[in-house]
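Encoded as structure tokens, the structure appears first; notes follow it.
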Amino acid sequence: MTVTSPALTGPHQHFDAQIRWRTIEIVFWLATLLPFVVTPNYLSLASQIAVTALFALSLDLILGYAGIVSLGHAAFFGFGAYTAGLIAKWGWGEPLSGLVIAGLAAGLLGFVMSFVIARFRHLALIMITLGFGLLLLELANSASWLTGGADGLQGVRMWPLLGLFKFDLYGFVAYWYALIVLFVLFLVARRLTNSPFGLSLRGIRENSVRMRAIGAESRPHIRTIYTISAIMAGVAGAVLTQTTETVSLGVLDFQRSADILVILILGGTGRLYGGLIGAIIYMIARDWFSGVNPQYWYFPIGVLLIAVVLFLPNGILGGIAQLVDTERGRRWFGWLTSPPWRRP
Amino acid sequence: MMTSVFGVLFDGFAYGMLLFLLSVGLSVTLGMMNFVNLAHCTFGMIGGYVTVTLMNNLGWPFLATLPVAFIVAAAISVAFERTMFYRLYRASDLDQCLLTIGLVFVSVAVAAYVYGTIQQPVNLPNYLRGSVHVGGLTLGVYRIFLILFALAVTAALVAALEFTRFGAQVRAAVDNQRMARGLGINVDRAFAITFALGSGLAGLGGALAIDIVGLDPSFALAYLVYVLIVVAVGGLGSIGGTFAAAMLLGISDMAGKYYFPAIGSFLIYLVMISLLMWRPSGIFGRR
């Protein structure tokens, strides 16, 4: 007896079944409102988590769905962050339009880069993404007249959101802002991955040669998803800039690219929620251990990575899905993974 | 002007030799098993710390520590290979990357815990210090030693690969792993030995690098990028390619830092990306 997959009659029914909201998803998004009530002192941490989650979501689109390994995704995050910071510094502090411009700028960079990305695979791809990330970092470092170099970009002043809500010290507005941006882009990503386009991406991930054989050329698809992913990463960086009113070179660091990969792998790739869950766990853990030497922080992360690769190849969500996907699991938790009400 | 050019060439050559020692093992093992081992520089770091410990705590002479650095790095690499890496030979490159970068993170934290985050001092013996003057050039004695030493290692390596039975097996496995297996060559055994030798060479490189680039826990991450550049540009499994790429990188890095200090590392990455876009499998790569 399967609760989750009703008898399918055609492709449209398949997409309809996929696109319906499951109970657990609704519970999850309601739970993101909890920090306002339960931990009002940690709202700036919560907004950082939302930014990281959005960044992880952008990486999931290319890594989890199209199978493109990137060791330099911070390039787009940082490009968006610096664009948003510079616009605000030069006198246009309106957050929403700044967000759109930063996203488009990062998207343009991603579009140019996607022509390179789509041509390579394996080690060459890893090296090119790594080199591209480092290239941008060095560029920002040496162009200190523009970016402030190692001192960071100073003088970013944001206007109130919609002309009404000022970004406050407690991060109240910041969390609302980051959460809404995250949710809207999550809806976009959810729609995208549950479309014929999303299915072709999965096909390319599994076997690009066969996808060509059935008429789905892989390169245009890869270019499209890479550009979309770059836009999302740029928006995440812009939200970080706008809510913290500062930009440092750390937004372009290799460390950031590696961290976001760890977060996504930890949560589980190719499930959209993996990056969100990973971001919550990772950021809260790092906040707890923020007092210790940052070099020691590497230890649990390294052990975690090794353990996930060896014992939990699909991340936390993959492990949970495996548990739930048994006869008993479906009996107990089936109501969570199915839509809350029947189709009228 | 000419003297500075020769000085930069000489320093770059010595630096390239160092990079060659650090990366040649990775190039061969990658070419053989397609195993992306990002933890390769960790073995270099282990070799460096072995030398530092033996010299500063036990008072060993510098040259005597070098073989120990080689052996310890090789032994630890075999332990890792037999317990963890062998499970992932058929896994995706992403899984291999993640597991080995996890190992790098752990090793960085352990090194920071045991030795602290400071740069480790190394007291070279007197006969390796100072410099000699040759025709108006000032050449560091240690760099001359480094170049001669690395050239000797390279010659031994090439001879072993070209003229021994084991070397022929390794070359066969690099060229076509499945075919080599079909011919009855024990590729797994050949790989394990090559892996140990390559990691040992990295350990040797790490020990020799202390006086040139220093040693602290971030070594395993900082030089990973350089080693990967050498391997990717040189082409997998090609010793000649790795040598050429290491020289190219060493000399251009030195020249970049000397003549264009502001954009030196920027140029390195730009050159790497352009080379890879021109030839994705490296300048001397066959695939």
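Sequences listed follow chains A and B, in order.
Counting in my numbering, the first sequence runs from 69 upward without gaps.
Counting in my numbering, the second sequence runs from 13 upward without gaps.
Glycine included, every Cβ here is placed at the ideal spot set by N, Cα and C.
When Cβ-Cβ separations below 9 Å define contact, S250 (chain B) makes no contact with chain A.
Under DSSP, G152 (chain B) forms a beta bridge with B:S143. When rounded, the separation of the alpha-carbon atoms in R187 (chain A) and A192 (chain B) is 30 Å.
Taking C-beta atoms as the reference points, G397 (chain A) and L391 (chain A) count as a pair closer than 9 Å. The Cβ of G262 (chain B) sits no closer than 9 Å to any Cβ of chain A.
Straight-line spacing of the CA atoms in I224 (chain B) and A274 (chain B) works out to 21 Å. Interface with chain B (9 Å Cβ-Cβ cutoff): H80 (chain A) is excluded. Contact of V239 (chain B) with chain A is not assigned, every C-beta pair being separated by 9 Å or more. Burial state of E274 (chain A) is exposed, judged by a 10 Å Cβ sphere holding fewer than 16 other Cβ atoms.
The secondary-structure analysis by DSSP pairs V315 (chain A) across a beta bridge with A:L221. Closer than 9 Å to the CB of Y281 (chain B) there is at least one CB belonging to chain A.
With a cutoff of 9 Å on beta-carbon distance, Q132 (chain B) and G215 (chain B) are scored as not near each other. Taking A246 (chain A) as reference, the option from A:A121, A:P381, A:L404, A:G387 with the minimal CA-CA separation is A:A121. The beta-carbon of I384 (chain A) is placed no less than 9 Å from the nearest beta-carbon of chain B.
G114 (chain B) has a beta carbon lying within less than 9 Å of a beta carbon in chain A. Think of a sphere of 9 Å around the beta carbon of F188 (chain A): the chain B residues whose beta carbon falls inside it are L288, M289, P292, in chain order. According to DSSP, F233 (chain A) shares a beta bridge with A:L229.
A residue is called buried once 16 or more other Cβ atoms fall within 10 Å of its Cβ, and P229 (chain B) is buried on that count.
Note on H52 (chain B): 16 or more other CB atoms within 10 angstroms of its CB, so buried under the neighbour-count rule. Not one beta carbon of chain A lies nearer than 9 Å to the beta carbon of D265 (chain B).
Cα atoms of V371 (chain A) and V118 (chain B): separation of roughly 7 Å, rounded to the nearest angstrom. Between G201 (chain A) and F233 (chain A), the alpha-carbon positions lie close to 35 Å from each other.
For N109 (chain A), the number of other beta carbons within 10 angstroms of its own is below 16, and it is reported as exposed.
Among the residues of chain A, those whose CB is under 7 Å from the CB of L110 (chain B) are I333, L373, V377, following chain order.
Against chain B, the CB of S210 (chain A) has a partner CB under 9 Å away; the residue lies at that interface.
Within its own chain, the residues whose Cβ lies closer than 7 Å to the Cβ of G387 (chain A), once the five positions on either side in sequence are excluded, are L380, listed in chain order. Under the rule that a run must span 4 or more residues, the alpha helix (DSSP H) segments found entirely inside the region 158-219 of chain B read 177-187, 189-194. When 7 Å is used as the limit between beta carbons, V186 (chain B) is near no residue of chain A, the shortest such separation being about 15 Å.
With a cutoff of 9 Å on beta-carbon distance, Y150 (chain A) and A208 (chain A) are scored as near each other. At least 9 Å separates the beta-carbon of A326 (chain A) from that of G335 (chain A). Here G262 (chain B) really is in contact with G28 (chain B); their C-beta atoms are around 3 Å apart, less than 8 Å. For H52 (chain B), the enclosing alpha helix (DSSP H) has its first and last residue at 52-70.
Any Cβ of chain A closer than 9 Å to the Cβ of R99 (chain B) would place that residue at the interface, and such an atom is present. Using a Cβ distance threshold of 9 Å, F278 (chain B) and L203 (chain A) count as a contacting pair. With the rule of 3 Cβ pairs closer than 8 Å, the region 297-307 of chain A counts as touching the region 136-151 of chain A.
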